[in-house]
Structures are given as structure tokens and as C-alpha cells.
Amino acid sequence: MAGDTILENGTAIVTGASRGIGAAVAHAAARAGHAVVVNYSEDSTGAKTVVEDIIGLGGRALAVQADVSRPADVVRLFDEAAGLGQVTAVINNAAITGNLIGPLVGVPAESVQRVVDVNVSGMIYMCQEAVRRLSTDNGGSGGSIVNISSTATKAGSPGTWVHYAATKGAVDVLTVGLAAEVAKQGIRVNAVAPGSTNTGLHAAAGMPDRVERLNPTIPMGRGAEPEEVAAAVLWLMSAEAGYITGAVLPVSGGR
Numbered sequence: 518m519a520g521d522t523i524l525e526n527g528t529a530i531v532t533g534a535s536r537g538i539g540a541a542v543a544h545a546a547a548r549a550g551h552a553v554v555v556n557y558s559e560d561s562t563g564a565k566t567v568v569e570d571i572i573g574l575g576g577r578a579l580a581v582q583a584d585v586s587r588p589a590d591v592v593r594l595f596d597e598a599a600g601l602g603q604v605t606a607v608i609n610n611a612a613i614t615g616n617l618i619g620p621l622v623g624v625p626a627e628s629v630q631r632v633v634d635v636n637v638s639g640m641i642y643m644c645q646e647a648v649r650r651l652s653t654d655n656g657g658s659g660g661s662i663v664n665i666s667s668t669a670t671k672a673g674s675p676g677t678w679v680h681y682a683a684t685k686g687a688v689d690v691l692t693v694g695l696a697a698e699v700a701k702q703g704i705r706v707n708a709v710a711p712g713s714t715n716t717g718l719h720a721a722a723g724m725p726d727r728v729e730r731l732n733p734t735i736p737m738g739r740g741a742e743p744e745e746v747a748a749a750v751l752w753l754m755s756a757e758a759g760y761i762t763g764a765v766l767p768v769s770g771g772r
């Protein structure tokens with residue numbers, strides 16, 4: 518980030534931003550001129566590091582703990598974000614797999630429920646509050662919502678995490694439907710669907726070499742870096758994508 522210039526461009530909320538794709542999006546949003554709210558659920562150390570990086574560059578950032586599966590936490594997250602300035606972008610990245618890899622039949626009911634609570638309900642709550650705050654019908658100035666989906670929706674991730682893939686299918690439907698609902702309220706809603714990406718997600722689920730194993734199945738021969746996914750997110754947030762809404766953009770190396 519050294520040598521980059523911070524510009525002023527509204528406040529962006531990035532959920533699940535303490536590491537991985539979320540952290541990369543937070544850094545990219547700061548470089549693009551946004552004040553950034555770095556949301557986290559448990560990893561306060563990671564969130565603090567991201568905030569310090571952004572502030573060290575000369576930007577503005579704030580770490581806010583909130584569990585997106587709790588509606589009251591979501592409202593508080595937006596309230597605290599307003600302290601940095603008007604929210605103009607919301608990037609819904611927070612998601613979990615339950616730290617499990619294996620056939621669906623073996624996933625405990627409580628893990629299924631928690632994954633659905635965070636990945637589906639949490640994203641719905643975030644989108645609802647974003648519309649309440651951004652909609653020109655409610656006195657807002659409009660803005661952009663970008664949801665993080667997954668190319669796992671294509672084949673369903675059999676044998677690994679079908680439950681997770683199913684929640685990402687819900688994200689795609691949410692994106693398309695909400696985009697149509699709020700298109701005349703100054704809000705664009707899109708999604709980015711990463712493929713195999715070099716983050717800690719796979720290691721946390723017990724398969725640290727999963728990206729490497731999948732490389733032969735990817736036309737470009739490798740997994741994505743989080744920064745490459747972040748670049749797609751930032752483009753969808755930008756004025757260059759001003760006529761794009763309801764899109765689900767794969768970032769998957771052709772897979």
C-alpha cells in the first residue's frame with residue numbers, strides 16, 4: 518500500500534474483514550478513497566491489524582465487532598459506521614463453512630443452522646439495513662451493495678461442503694431479486710463469485726492443500742489471490758459499473 522494516495526469517497530462497510538478476501542477488500546476500498554468499517558465477529562487482532570494498515574496509509578478506518586446473524590448487531594454496526602461519514606457501499610463478505618469438509622449427511626444439525634444463520638440470514642439482515650440507510654426513498658444518497666457468493670453454486674461442492682454451497686445459491690437469488698427491487702432507489706446490488714482462493718478458509722476446515730489440489734481443474738492453472746477478488750468487488754462498486762446491477766461476476770480462472 519506504500520505510495521498509494523487516499524481520496525475521499527464515502528464510507529464502506531466490509532463484513533468479515535479481519536482476514537482473507539474481506540481484508541483484501543478493506544485495503545482496496547481504502548486505496549480507492551473510502552473510509553472503511555472493518556467488521557469482525559471474533560478475530561479482533563486481525564481486524565485491528567487491517568485498521569492499523571489503513572490508518573498508516575493515511576486513510577480512515579474503524580473496527581467494529583458485530584455478529585451479522587443478529588439483527589441488533591447489524592443495526593449497531595451501521596450506527597457506528599455513520600461516525601466515519603455517510604455509508605455509500607456495503608460489502609457482505611462474512612460467511613462460514615462450519616469448519617467442516619465432508620459429505621452433507623455427516624454435518625451436524627447445529628452446524629447447518631449456524632452456517633445458514635450467518636451466510637443467509639446475516640446477509641439478508643445486512644441488505645435490509647443497507648437499503649434502509651442508502652435508499653433515496655428514505656432520504657439516503659444511494660450506493661452500492663456487493664455480496665460475496667461462490668462458484669461452489671455451479672456444482673454444489675459434493676463431498677466437501679454442500680451445505681455451504683447451498684447458502685451461496687441463496688446469495689445469488691438474494692442479489693438478483695433485491696437488485697430489481699431497489700434499482701429505482703439509487704442502489705445497485707451485485708455479487709462476486711470467487712472460485713478456489715488462497716485464504717485460510719480451507720485450512721480452518723481441515724484441508725490446507727485444497728486450493729493446490731484443485732489447480733489442475735482450473736483453466737488458468739491456479740487459485741485466485743484475495744486481492745484479485747477484491748479488484749472485482751471494487752470495480753462493481755465504482756462508477757465504471759454504474760449501469761450494472763443484479764450481476765453475479767465469477768472470479769474463478771475460468772472454472
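Take any residue in the sequence shown, note its place counting from 1, add 517, and you have its number in this note's numbering. Even for Gly, the Cβ is constructed at its ideal location relative to N, Cα and C.
Residues bridged to residue 557 (per DSSP):
582
Contact belief for residue 705 with residue 661 at Cβ below 8 Å, rounded distance in angstroms
5 Å
For the beta strand (DSSP E) containing residue 705, list its first residue and its last residue.
704–711
Leaving out five residues before and five after residue 699 in sequence, what residues of the same chain have Cβ atoms less than 7 Å from its Cβ?
648, 652, 706
Neighbour-count burial assignment, residue 685, 16 or more Cβ in a 10 Å radius:
buried
If you follow the alpha helix (DSSP H) that residue 476 is in, where does it begin and where does it stop?
Residue 476 cannot be examined here, being either before or after the span of the chain that is shown, 518 to 772.
Which residues mark the beginning and the end of the beta strand (DSSP E) in which residue 588 is found?
From DSSP, residue 588 is part of no beta strand (DSSP E) but of the alpha helix (DSSP H) over 588–598.
How big is the Cα-Cα spacing for residue 561 and residue 533?
11 Å
Taking a contact to mean a Cβ-Cβ separation below 7 Å, would you say residue 554 touches residue 568 in this structure?
no
Sort out for me which residues DSSP pairs residue 755 with in a bridge.
For residue 755, which the question treats as bridged, DSSP gives no partner whatsoever.
How far does the alpha helix (DSSP H) with residue 628 in it reach, from first residue to last?
626–633
Assuming residue 714 contacts residue 530 under a Cβ cut-off of 8 Å, what Cβ separation, rounded to an integer in Å, is found between them?
Contact flag wrong, Cβ pair sits at about 21 Å.
Could you check where the alpha helix (DSSP H) with residue 686 kicks off and where it finishes?
679–699
Ordered along the chain, which non-local residues of its own chain (more than five positions away) have a Cβ less than 6 Å from that of residue 605?
527, 660
With a 10 Å radius around its C-beta and 16 neighbouring C-beta atoms as the bar for buried, classify residue 658 as buried or exposed.
exposed
Are residue 612 and residue 636 touching if we call contact CB-CB under 7 Å?
yes
Minimum C-alpha distance to residue 772 - residue among 735, 765, 754, 753
735
Quick check on residue 548: buried or exposed, where buried means 16 or more other Cβ atoms within 10 Å of its Cβ?
buried
Alpha-carbon spacing of residue 740 relative to residue 656, whole angstroms:
42 Å
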